[in-house]
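Engineer: In our numbering, the protein residues as written are 687 to 825.
Where a beta carbon is used, it is the ideal one built from N, C-alpha and C, also for glycine.
Below is one structure. I have some questions about it.
What follows is the structure in structure tokens.
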């Protein structure tokens, strides 16, 4: 992971990578099979297939089965926000920071974390809501 980057789930990261790859394709009408997309992006095929299904259910991908089937963007890359991908992969930052490791810690410590989390969360949500797949292309 790059220094200073927040840790999102693999699902979110793989979803972003897949959508950026699809958006970068010269033929926007082309349907990509999940195995083919996995090979092109270097992502694990079985995991990617599940992520693509979630992205299609969220309306970010147009998916078709059978001969000539596969996935393609359902909407232009400049309309797909990172927050859309986070919502599709259940990866939006929660109201409270994850405090599982803080079980048994003093309440003041947990409350202090929560207090400091809110401005960070707001900034992160704003970034996700204003950054699109198109913004990440050729970066």
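Along the alpha helix (DSSP H) that carries residue 745, what are the first and last residues, could you check?
Structural biologist: No alpha helix (DSSP H) holds residue 745; DSSP gives it neither H nor E.
Engineer: Do residue 766 and residue 818 count as a contact pair if the criterion is CB distance below 8 angstroms?
Structural biologist: yes
Engineer: Please list, in chain order, all residues of the same chain as residue 757 whose beta carbon is under 6 angstroms from its beta carbon, the five residues on each side excluded.
Structural biologist: 718, 738, 747 and 749
Engineer: I'd like the span of the alpha helix (DSSP H) that includes residue 822, first residue to last.
Structural biologist: 819-822
Engineer: I'd like to know whether the C-beta atoms of residue 697 and residue 775 end up nearer to each other than 8 angstroms.
Structural biologist: yes
Engineer: Report buried or exposed for residue 700, applying the criterion of at least 16 other Cβ atoms within 10 angstroms of its Cβ.
Structural biologist: buried
Engineer: Let me know the alpha helix (DSSP H) ranges lying completely inside the region 725-760, each 4 residues or longer, listed in chain order.
Structural biologist: DSSP runs (the alpha helix (DSSP H)) wholly in the region 725-760: 731-743.
Engineer: For residue 708, which residues in the same chain have their Cβ closer than 6 angstroms to its Cβ, ignoring the five residues on either side in sequence?
Structural biologist: 759
Engineer: Among the residues of its own chain, which have a CB less than 7 angstroms from the CB of residue 812, if the five just before and after it don't count?
Structural biologist: none
Engineer: Considering only residues of the same chain and omitting the five flanking positions on each side of residue 745, which have a CB-CB separation below 8 angstroms?
Structural biologist: 760 and 761
Engineer: Alpha helix (DSSP H) containing residue 778: first to last residue?
Structural biologist: It is not in any alpha helix (DSSP H) - residue 778 carries neither H nor E in the DSSP assignment.
Engineer: Which residue wins for smallest C-alpha separation from residue 755, given the options 797, 821, 808 and 723?
Structural biologist: 723
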